[in-house]
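*Asks:*
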Amino acid sequence: MAGTVAAPLRRTRVAATVLWRFSRPHTVIGTALSVLGIFAIAAHELGPLPAGRAAFHLFWTLVAALSVNVFIVGLNQLEDVEIDRVNKPRLPLAAGDMTIAQGRVLVAAAAALPLLLAVTQGAIETVAVLAAMAIGWAYSSPPLRLKRFPVAASASISVVRALVVNLGVYLHFAGAFGGGHAVADAVWALTLFVLPFSFAIAVLKDVPDAEGDRRFSIRTFTVRLGGRAAFAMGMGALTLAYLGMAVLGPLAIDGAQPAVLVVTHLAALGLLWFWALRTDPGDPARFTVFYMRVWALFFCEYAAVSLAVLLG
Numbered sequence: 000m001a002g003t004v005a006a007p008l009r010r011t012r013v014a015a016t017v018l019w020r021f022s023r024p025h026t027v028i029g030t031a032l033s034v035l036g037i038f039a040i041a042a043h044e045l046g047p048l049p050a051g052r053a054a055f056h057l058f059w060t061l062v063a064a065l066s067v068n069v070f071i072v073g074l075n076q077l078e079d080v081e082i083d084r085v086n087k088p089r090l091p092l093a094a095g096d097m098t099i100a101q102g103r104v105l106v107a108a109a110a111a112l113p114l115l116l117a118v119t120q121g122a123i124e125t126v127a128v129l130a131a132m133a134i135g136w137a138y139s140s141p142p143l144r145l146k147r148f149p150v151a152a153s154a155s156i157s158v159v160r161a162l163v164v165n166l167g168v169y170l171h172f173a174g175a176f177g178g179g180h181a182v183a184d185a186v187w188a189l190t191l192f193v194l195p196f197s198f199a200i201a202v203l204k205d206v207p208d209a210e211g212d213r214r215f216s217i218r219t220f221t222v223r224l225g226g227r228a229a230f231a232m233g234m235g236a237l238t239l240a241y242l243g244m245a246v247l248g249p250l251a252i253d254g255a256q257p258a259v260l261v262v263t264h265l266a267a268l269g270l271l272w273f274w275a276l277r278t279d280p281g282d283p284a285r286f287t288v289f290y291m292r293v294w295a296l297f298f299c300e301y302a303a304v305s306l307a308v309l310l311g
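Taking numbering that gives the first Met the number 0, I'd label the letters of the sequence shown as residues 0 to 311.
1. For K87, which residues in the same chain have their Cβ closer than 7 Å to its Cβ, ignoring the five residues on either side in sequence?
2. If I measure Cβ to Cβ from A130 and keep anything under 6 Å in the same chain, skipping five residues before and after, which residues do I get?
3. For A229 versus F220, is the C-beta distance shorter than 8 Å?
4. So, for H264: in the same chain, excluding its five sequence neighbours on each side, which residues have a beta-carbon less than 6 Å away from its beta-carbon?
5. If you count every other CB in all the chains shown that lies within 10 Å of the CB of A199, and 16 or more means buried, which is it?
6. Tell me the rounded alpha-carbon separation between T149 and A133.
7. Near T287, what residues of its chain come up, given a Cβ to Cβ distance below 8 Å and the 5 sequence neighbours on each side ignored?
8. Which full runs of the alpha helix (DSSP H) of 4+ residues lie inside the segment 32-120, going along the chain?
9. Buried or exposed: H180, going by 16 or more other Cβ atoms within 10 Å of its Cβ?
10. State the DSSP-derived secondary structure class of K204, mapped to helix, strand or coil.
11. Helix, strand or coil for A303? Go by DSSP, reduced to three states.
12. List the whole-angstrom C-beta distance separating V27 from L77, where the pair is believed to meet the contact cut-off of C-beta under 8 Å.
13. Flag this pair as yes or no: are the beta carbons of L90 and S140 separated by less than 8 Å?
14. Name the two residues that bound the continuous alpha helix (DSSP H) containing G135.
15. Restricting to runs no shorter than 4 residues, where is the alpha helix (DSSP H) found entirely within the segment 152-218?
16. At what residues does the alpha helix (DSSP H) containing P280 begin and finish?
17. Does the segment 290-304 come into contact with the segment 30-45, if we say contact requires no fewer than three beta-carbon pairs (one atom in each stretch) closer than 8 Å?
18. Would you mind reading off the limits of the alpha helix (DSSP H) that contains L347?
19. Using 10 angstroms around the beta-carbon of T119, count the other beta-carbons present and answer buried if the total reaches 16, otherwise exposed.
20. Do you know offhand how far A173's Cα is from L268's?
21. Would the beta-carbon of G211 fall within 8 Å of that of E44?
22. Could you tell me which of L18, F176, T11 and A127 sits nearest to R52, measuring between CA atoms?
23. For I217 and F38, I'd like the C-alpha separation in whole angstroms.
24. Between G235, R160 and L203, which lies nearest to V186 when the distance is taken from Cα to Cα?
25. With H, G and I counted as helix, E and B as strand and the rest as coil, what does DSSP make of L143?
26. Evaluate M291 with the Cβ neighbour count: other Cβ atoms within 10 Å of its Cβ, from every protein chain shown; 16 or more gives buried, anything less gives exposed.
27. In three-state DSSP terms, what is G243?
28. Assuming the contact rule is C-beta atoms closer than 8 Å, L239 and P249 should be a hit. Round their C-beta distance to whole Å, please.
29. Should I99 go down as buried or exposed, given a rule of 16 or more other Cβ atoms within 10 Å for buried?
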């Protein structure tokens, strides 16, 4: 009897693990924290909010945002199975842990759910969802397949992460809670910060993937210029983002706690450079660790800015 019960549980755990890997966890966490950070700022600017309505809109916005995230990364995996067998062989489709048909079902469901939710939540969310999905499709799929062109590829990621997520989510919350169409200073500051940061993410993610990208004619900055040049570009963009927020953030975000903005961003910049000086763009495994640490700093950004606003 115990074995009869244990087998379905094991299969369920394996399926959940495969789905989690398919969703690219670092992107899911980044999206969730972005929405939560924007909500915290909106609640401060527009509050006090009715607890029930606030929880309702936050929950369904998270569901929509995470579904769009899964659609984008899932579609990319469907289009890049052969490349991923070289660059990221542990991804479910590349490893054979998930079939192409299963991947297509998941991507279709991840597309349908946020579209359905957006229609019920108003024009702003509908536009944001459609924009993010359209850019994700253009990035990965023929005939455009923008990932082949480094400027267009990095711009696609920057637009979604900086503009669609930050401005779209905030305006959705503002509309839901009677805040009109004014965007909070903190959200504008986050948007300007995330533009160079997401550009850096777009550049740095390709550094460990040079072999597969070169083999399949994906002309990333790394393939065109070399790993060290791409690394330098990414570090330059990240340094600009952190120094800009540390220097201009206290001036741009009315009412925020300036010490929090300055200290957190200079500390993050110092930590970034500490890690950077100990990595090697020529070592894919080592550089991937550094890249994931960059994502960890991205996770912290929304907490830092939200904290500065709340303490102010």
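Cβ coordinates follow ideal geometry from the N, Cα and C atoms, glycine included.
*Replies:* Put simply:
1. A93
2. V163
3. yes
4. Y241, M244 and A245
5. buried
6. Strictly speaking, residue 149 in this sequence is Pro, with Thr absent from that position. So the two alpha carbons sit approximately 18 Å from each other.
7. P207
8. 50-78, 80-86, 91-94 and 99-120
9. exposed
10. coil
11. helix
12. Not quite, the Cβ-Cβ distance comes to about 17 Å (not below 8 Å), so this is no contact.
13. no
14. A122 to S139
15. 168-175, 184-203 and 209-214
16. From DSSP, P280 is part of no alpha helix (DSSP H); its letter is neither H nor E.
17. yes
18. Not covered by the structure: residue 347. The range shown for the chain is 0 to 311.
19. exposed
20. 32 Å
21. no
22. F176
23. 37 Å
24. R160
25. coil
26. exposed
27. helix
28. Contact doesn't hold; Cβ gap of about 17 Å is too wide.
29. exposed
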